[in-house]
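Have a look at the structure below before the remarks.
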Amino acid sequence: MSNVYVIADNIITSLGFTTDENIIGILNDKIGIASTPQEESLSFIPAALSLVNTQLLEEKFSQILRNINRDLPVDSYTRLEKLFILSIRDALSEVGFDYRNKRVMLIISTTKGNIDLLEERYKAKFNHKRLFLWELGRVIRDFFGFFNTPMIISNACISGVLAISMASRMIQSGFCDYAIVTGGDIMSEFVVSGFQSFQALSPQPCRPYDIDRNGLSLGEGCGTIILSNQALTRENTSVRVAGSSTTNDANHISGPSRSGQELSFAINSSMKEAGCSSGDITYISAHGTATPFNDEMESKAIGLSKMTEVPLNSFKGYWGHTLGAAGIVESVAAIASIKRNTLFRSAGFGSLGVPEPLHVIKENTASELSSCLKTASGFGGCNAAIIFQKV
Amino acid sequence: MDLSVTGYCLISEKKVIVNDQLRFYQENFLNFANFIKSLYKQEEINYPKFYKMDSLSKLGFLASELVFKVSDIKKYREDKIGVVMSNSSSSLDTDIVYQNSINDRSNYFPSPSVFVYTLPNIVIGEICIKSRIKGENAFLISETFDARLICNFVNEMMENNRVQACLCGWVEFLGEKYEGLVMLVEKNEFIDKNSNPIFNPTPFNEQNLNQLLHRN
Chain A
9 MSNVYVIADN
19 IITSLGFTTD
29 ENIIGILNDK
39 IGIASTPQEE
49 SLSFIPAALS
59 LVNTQLLEEK
69 FSQILRNINR
79 DLPVDSYTRL
89 EKLFILSIRD
99 ALSEVGFDYR
109 NKRVMLIIST
119 TKGNIDLLEE
129 RYKAKFNHKR
139 LFLWELGRVI
149 RDFFGFFNTP
159 MIISNACISG
169 VLAISMASRM
179 IQSGFCDYAI
189 VTGGDIMSEF
199 VVSGFQSFQA
209 LSPQPCRPYD
219 IDRNGLSLGE
229 GCGTIILSNQ
239 ALTRENTSVR
249 VAGSSTTNDA
259 NHISGPSRSG
269 QELSFAINSS
279 MKEAGCSSGD
289 ITYISAHGTA
299 TPFNDEMESK
309 AIGLSKMTEV
319 PLNSFKGYWG
329 HTLGAAGIVE
339 SVAAIASIKR
349 NTLFRSAGFG
359 SLGVPEPLHV
369 IKENTASELS
379 SCLKTASGFG
389 GCNAAIIFQK
399 V
Chain B
9 MDLSVTGYCL
19 ISEKKVIVND
29 QLRFYQENFL
39 NFANFIKSLY
49 KQEEINYPKF
59 YKMDSLSKLG
69 FLASELVFKV
79 SDIKKYREDK
89 IGVVMSNSSS
99 SLDTDIVYQN
109 SINDRSNYFP
119 SPSVFVYTLP
129 NIVIGEICIK
139 SRIKGENAFL
149 ISETFDARLI
159 CNFVNEMMEN
169 NRVQACLCGW
179 VEFLGEKYEG
189 LVMLVEKNEF
199 IDKNSNPIFN
209 PTPFNEQNLN
219 QLLHRN
């Protein structure tokens with residue numbers, strides 16, 4: 009079976025529009041979650057959210073339309089479609105293969121797609137067909153002229169990790185040579201009110217694994233990761249997808265497993281596929297939503313997999329829980345971490361507040377990093393784990 | 009890899025077919041809620057959580073239960089059984105119900121019990137909880153049933169022994185239009201030849217999957 013390499017990527021969040029802007033933001037301790045000013049259109053009950061800068065988004069998108077000489081009004085694309093297009097375009101700009109080739113697959117991860125189009129104010133503006141995720145996929149495919157119908161994954165908060173996992177398996181089994189994996193979700197009244205109804209939102213920026221954590225922060229964003237069966241020759245360090253797995257808790261549709269056993273199954277299976285053991289993993293990019301039960305469950309899972317000593321962080325303290333984008337943007341940030349041999353601080357963390365003695369990263373630290381475990385868990389009892397390894 | 013569909017359930021308007029046999033038919037079809045409740049009662053599935061589910065979950069859950077009635081998954085380890093489902097409209101039917109509960113701010117009632125069903129993979133969660141299935145899971149969206157995609161994905165998981173059995177299919181529900189095909193896929197080497205004299209396992213391939221969905 010062929011190796012699968014990460015050859016390009018992008019992150020768009022409140023911290024910036026490229027991977028580098030986001031990583032520089034993290035290194036400079038920039039927190040993108042703001043409690044004020046309130047976006048009245050998103051929620052009339054106060055919430056701390058991480059939002060992509062709308063003015064910059066519109067400017068950058070208009071610039072793209074001008075560059076490609078496409079005679080389209082800017083508002084012929086939805087906010088989410090603009091994010092996807094910007095993110096994919098930035099990632100593609102790093103690599104030179106013919107992305108319109110039939111050996112290239114586009115894989116899209118999203119939980120809610122263009123869900124804002126259900127709101128009255130958008131009903132007249134966009135065809136209601138845009139609410140279907142395959143139609144969102146078609147719009148993106150048509151923009152770039154991809155050959156294949158995109159594959160679309162909507163599996164709650166593990167969607168992004170699952171998308172990378174499926175893409176990597178498709179390359180390994182020879183189904184395609186390149187996979188452009190992109191994940192995105194926007195903030196909408198729908199999503200914000202829903203998490204509020206669960207009483208799951210923290211009024212301040214979230215604090216994963218901390219003793220005083222009191223809920224998650226929602227964020228919007230988009231990320232892209234391009235995988236190939238060939239490493240880039242110009243890069244000194246390549247990173248490969250070494251193993252992946254998903255499991256289900258079979259316990260509750262909206263609460264995590266009590267034991268963490270099923271996430272631990274996923275972690276162990278992905279390590280087995282990668283041909284490594286817990287001692288070989290140098291860093292964990294965990295899900296860390298900062299809800300009391302999620303973080304507790306994760307700590308138990310990591311304990312069961314005997315990895316409590318491995319340095320760990322959650323990126324959600326910087327840009328919130330970006331839902332369908334989370335698995336992708338956090339994987340890209342984790343890959344940046346191992347490439348730069350730097351452990352990034354887990355924002356919002358002060359004192360440990362989970363049952364197992366996790367090694368949560370308190371300061372940005374230089375460290376020789378060879379491999380990373382990324383995990384995610386979500387509604388419906390799903391868990392996912394994936395391993396990235398330097399080659 | 010030699011795989012077969014060893015059991016399946018097809019739920020379409022008014023009727024239910026299990027392993028080529030007509031299982032349920034509702035002459036005086038009223039609506040989905042009434043139809044699925046009648047099916048639930050006929051099958052004597054005692055599972056009070058059923059009533060809390062949204063339509064998509066009820067559809068996928070009952071189709072899976074009917075497959076399990078004619079199959080034996082107990083011989084597999086719980087983490088070696090996978091569930092891969094797909095549909096066209098994701099959870100849009102429930103999304104619309106939820107959006108209506110927040111549209112009017114003077115009549116604003118977002119409900120967590122509705123919101124949780126605004127994710128398509130919740131049906132996978134419901135199936136896994138009932139039958140204690142803990143293996144690989146994925147929910148995919150395509151405009152129409154993409155048998156090729158399902159075949160490729162399940163084949164890869166079987167070949168690499170990520171799963172030894174996999175429940176897969178298509179569960180679509182939107183505005184009273186519905187269609188459900190749930191299949192159990194097993195490796196031929198594990199099929200107990202004596203267990204099911206009525207139904208001959210069907211080779212698991214794109215063509216056969218499309219035929220199963222469109223038989224009527």
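Those protein sequence lines, which keep their order, are chains A and B. In my numbering, each number is its position in the first sequence, counted from 1, plus 8. In my numbering, each number is its position in the second sequence, counted from 1, plus 8. Even for Gly, the Cβ is constructed at its ideal location relative to N, Cα and C.
Who are I20 of chain A's beta bridge partners in DSSP?
Numbered from 1 along the first sequence, position 12 holds the residue referred to as residue 20 of chain A. Its beta-bridge partners are A:C230.
Report, in whole angstroms, the separation of the C-beta atoms of S94 of chain B and L148 of chain B, which I expect to be a contact under 8 Å.
As a position in the second sequence, residue 94 of chain B is number 86, starting the count at 1. As a position in the second sequence, residue 148 of chain B is number 140, starting the count at 1. Yes, they are in contact, since the Cβ atoms of S94 of chain B and L148 of chain B sit about 4 Å apart, within 8 Å.
Let me know if K120 of chain A comes out buried or exposed under the rule of 16 or more other beta-carbons within 10 Å of its beta-carbon.
Taking the first residue of the first sequence as 1, we reach residue 120 of chain A at position 112. Under this definition K120 of chain A is a buried residue.
Let me know the secondary structure DSSP gives T152 of chain B once reduced to three states.
Taking the first residue of the second sequence as position 1, residue 152 of chain B is located at position 144. Three-state DSSP puts T152 of chain B in coil, outside helix and strand.
Nearest-angstrom Cα distance between S285 of chain A and M279 of chain A?
On the first sequence, residue 285 of chain A is found 277 positions in, with the first residue counted as 1. On the first sequence, residue 279 of chain A is found 271 positions in, with the first residue counted as 1. Distance between the alpha carbons of S285 of chain A and M279 of chain A: 6 Å.
Under DSSP, the alpha helix (DSSP H) around S70 of chain A begins and ends at which residues?
What you label residue 70 of chain A is simply residue 62 of the first sequence in a count that begins at 1. Boundaries of the alpha helix (DSSP H) around S70 of chain A: 62-75.
Nearest chain A C-beta to F181 of chain B closer than 8 Å, yes or no?
As a first step, residue 181 of chain B is located in the second sequence; it is residue number 173 there, counting from the start. No, F181 of chain B lies away from the interface with chain A (no Cβ there is under 8 Å from its Cβ).
Taking C-alpha atoms, which residue in A:L271, A:S10, A:N349, A:G104 lies nearest to T245 of chain A?
Reading the first sequence from its first residue, position 237 is the one you call residue 245 of chain A. Per the Cα distances, A:N349.
Is the beta carbon of N391 of chain A closer than 8 Å to that of A250 of chain A?
As a working note, residue 250 of chain A is residue 242 in the first sequence. As a working note, residue 391 of chain A is residue 383 in the first sequence. No; because the gap between Cβ atoms is not below 8 Å, this pair is not in contact.
Which word fits T27 of chain A, buried or exposed, when buried means at least 16 other C-beta atoms lie within 10 angstroms of its C-beta?
Here residue 27 of chain A corresponds to residue number 19 of the first sequence, with the count starting at 1. Per the 10 Å Cβ criterion, buried.
Please say whether V103 of chain A and I15 of chain A have beta carbons closer to each other than 8 Å?
Within the first sequence, the letter at position 7 stands for residue 15 of chain A. Within the first sequence, the letter at position 95 stands for residue 103 of chain A. Taking 8 Å as the Cβ cut-off, I15 of chain A and V103 of chain A qualify as a contacting pair.
What are the residues that DSSP puts in a beta bridge with P56 of chain B?
For the purposes of this step, residue 56 of chain B is taken as the residue at position 48 of the second sequence. P56 of chain B pairs with nothing; no bridge assigned.
At what residues does the beta strand (DSSP E) containing Y33 of chain B begin and finish?
Position 25 of the second sequence, counting from 1, holds the residue named residue 33 of chain B. Note, Y33 of chain B: beta strand (DSSP E), 29-33.
Near T330 of chain A, what residues of its chain come up, given a Cβ to Cβ distance below 7 Å and the 5 sequence neighbours on each side ignored?
Translated into the one-based positions of the first sequence, residue 330 of chain A becomes position 322. So the qualifying residues of the chain are T21, D193, G227, E228, G229, V337.
With DSSP collapsed to three states, give me the class of P211 of chain B.
For the purposes of this step, residue 211 of chain B is taken as the residue at position 203 of the second sequence. In the three-state scheme derived from DSSP, where H, G and I count as helix and E and B as strand, P211 of chain B is classed as strand.
If I measure Cβ to Cβ from F212 of chain B and keep anything under 6 Å in the same chain, skipping five residues before and after, which residues do I get?
Position 204 of the second sequence, counting from 1, holds the residue named residue 212 of chain B. If we look at F212 of chain B and ignore the five residues flanking it on each side, its Cβ neighbours are L11, S12, V13, V193.
What are the boundary residues of the beta strand (DSSP E) that G202 of chain A is part of?
Position 194 of the first sequence, counting from 1, holds the residue named residue 202 of chain A. First-last for G202 of chain A: 197-205, but that is the alpha helix (DSSP H), not the beta strand (DSSP E).
8 Å is my cut-off, CB to CB: does Q107 of chain B come that close to chain A?
In the second sequence, the residue the question calls residue 107 of chain B occupies position 99. With 8 Å as the cut-off, Q107 of chain B counts as an interface residue toward chain A.
Which chain A residues sit within Cβ distance under 9 Å of D103 of chain B?
Position 95 of the second sequence, counted from the first residue, corresponds to residue 103 of chain B. Those within 9 Å of D103 of chain B in chain A are K120, I123, L126, L139, F198.
Could you pull the start and end residues of the alpha helix (DSSP H) that L18 of chain B belongs to?
Position 10 of the second sequence, counted from the first residue, corresponds to residue 18 of chain B. No alpha helix (DSSP H) contains L18 of chain B, which is instead part of the beta strand (DSSP E) from 11-20.
Check whether the Cβ atoms of S72 of chain B and Y125 of chain B sit closer than 8 Å, and answer yes or no.
On the second sequence, residue 72 of chain B is found 64 positions in, with the first residue counted as 1. On the second sequence, residue 125 of chain B is found 117 positions in, with the first residue counted as 1. Contact flag unset, no.
Grab the span of the alpha helix (DSSP H) containing E143 of chain A for me, first residue to last.
Taking the first sequence and counting its residues from 1, the one referred to as residue 143 of chain A is at position 135. Per DSSP, E143 of chain A is one residue of the alpha helix (DSSP H) stretching across 141-152.
Using 8 Å as the limit for Cβ to Cβ distance, is L70 of chain B near chain A?
For the purposes of this step, residue 70 of chain B is taken as residue 62 along the second sequence, with counting starting at 1. Not flagged as an interface residue toward chain A: L70 of chain B, since no C-beta distance is shorter than 8 Å.
Between A:I32, A:V60, A:I53, A:I31, which has its C-alpha nearest I41 of chain A's C-alpha?
Walking along the first sequence from the start, residue 41 of chain A turns up at place 33. Nearest C-alpha to I41 of chain A: A:V60.
Output needed in chain order: residues of the stretch 127-142 of chain B with a Cβ under 7 Å from some Cβ in chain A.
L127, P128, N129, I130, I132, G133, E134, C136, I137, R140, I141, K142
Under the rule that 16 or more other beta-carbon atoms within 10 Å means buried, what is Q215 of chain B, buried or exposed?
For the purposes of this step, residue 215 of chain B is identified with residue 207 of the second sequence, where counting begins at 1. With fewer than 16 other Cβ atoms within 10 Å, it is exposed.
Would you mind working out which of B:N145, B:K60, B:Y55, B:Y33 sits nearest L47 of chain B, comparing C-alpha positions?
In the second sequence, residue 47 of chain B corresponds to position 39, counting from 1. Selected option, being the one with the closest Cα: B:Y33.
Please say whether F387 of chain A and C165 of chain A have beta carbons closer to each other than 8 Å?
Along the first sequence, one-based indexing puts residue 165 of chain A at 157. Along the first sequence, one-based indexing puts residue 387 of chain A at 379. A contact, by the Cβ cut-off of 8 Å.
If we ignore side chains and look at the alpha-carbon of each, how far apart do L126 of chain A and L139 of chain A end up?
As a position in the first sequence, residue 126 of chain A is number 118, starting the count at 1. As a position in the first sequence, residue 139 of chain A is number 131, starting the count at 1. Approximately 8 Å, taken between the alpha carbons.
Can you say whether I53 of chain A is buried or exposed, counting buried as having 16 or more other CB atoms within 10 angstroms of its CB?
Translated into the one-based positions of the first sequence, residue 53 of chain A becomes position 45. That one is exposed.
Check each candidate in A:I394, A:E364, A:S359, A:L64 and name the one with the smallest Cα separation from D7 of chain A.
Outside the shown range of chain A, which is 9 to 399, sits residue 7 of chain A, and nothing can be said about it.
Using the three-state DSSP reduction, which class does N256 of chain A fall into: helix, strand or coil?
In the first sequence, the residue the question calls residue 256 of chain A occupies position 248. Looking at N256 of chain A - three-state DSSP - the assignment turns out to be strand.
Going by DSSP, what residues sit across from S291 of chain A in a beta bridge?
In the first sequence, the residue the question calls residue 291 of chain A occupies position 283. In the sequence as presented, Ser is not what sits at residue 291 of chain A; that position holds Tyr. Bridge partners of Y291 of chain A: A:C380.
Less than 8 Å between the CB atoms is what I'm expecting for P363 of chain A and E304 of chain A, so what's the real figure, rounded?
As a first step, residue 363 of chain A is located in the first sequence; it is residue number 355 there, counting from the start. As a first step, residue 304 of chain A is located in the first sequence; it is residue number 296 there, counting from the start. Right, the Cβ-Cβ distance comes to about 6 Å (below 8 Å), so this counts as a contact.
Mapping the DSSP letters down to three states, classify E144 of chain B as helix, strand or coil.
Numbered from 1 along the second sequence, position 136 holds the residue referred to as residue 144 of chain B. It is coil, neither helix nor strand.
Put T102 of chain B into one of helix, strand or coil per three-state DSSP.
The residue given as residue 102 of chain B occupies position 94 in the second sequence. Helix at T102 of chain B.
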